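J.: Attaching a single structure in structure tokens format; questions to follow.
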Amino acid sequence: MNDFTCFVKNAFKVTLYFLLICFFFWFIFEPYRKYIAGGMLGVTIGLINAWYLQVKINQLTEAAINKTKNRGIGFLWRTSMALLAVIFAIKMEQHFSLFTLILGLIIVPILTLILGIFTNKKNQK
18 MNDFTCFVKN
28 AFKVTLYFLL
38 ICFFFWFIFE
48 PYRKYIAGGM
58 LGVTIGLINA
68 WYLQVKINQL
78 TEAAINKTKN
88 RGIGFLWRTS
98 MALLAVIFAI
108 KMEQHFSLFT
118 LILGLIIVPI
128 LTLILGIFTN
138 KKNQK
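First residue of the sequence shown: 18, per the numbering used here; consecutive thereafter.
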């Protein structure tokens, strides 16, 4: 297992706990359901995008080792997923906040970066 796979796996675990906490907040705080739901949708799409990026990087690594051609890292697919979530939030604006959705989309990549920095510092000691 390479480092990026490990980082995404750790981010996946932390994000699932975060989604569980968000779900409890969504259940308890009724006036803020729109904002919490937008954040949950954004984090979920961000998590799917991080997983897909990890899969594509593993495929790219295998292609480089085997000296075969690879099609790319799936930028168009990941962008389409984020755009689809934004369109969904705009269409369902009474249930989802666009602002918290966009914030949720960037939580997983930032979390992966932070976990990677801490893991590298821990490994250097």
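We put the CB at the ideal spot given by N, CA and C, even for glycine.
This one's a predicted model, so the numbers in the text were calculated from it and none came from an experiment.
For the alpha helix (DSSP H) containing S97, name the first residue and the last one.
T.: That run of the alpha helix (DSSP H) goes F92 to K108.
J.: Output yes or no for whether 8 Å exceeds the beta carbon distance between A28 and L132.
T.: Their beta carbons are under 8 Å apart, which means A28 touches L132 by this criterion.
J.: Quick one: what's got a C-beta closer than 7 Å to L77's C-beta in the same chain, skipping five residues either side?
T.: N87 and I90, listed in sequence order.
J.: Using only CA atoms, which one of Q141, G56 and I134 lies nearest to E110?
T.: Cα-wise, what sits closest to E110 is G56.
J.: Rounded to the nearest angstrom, what separates F46 and A81 at their Cα positions?
T.: Answer to the nearest angstrom: the Cα atoms are 50 Å apart.
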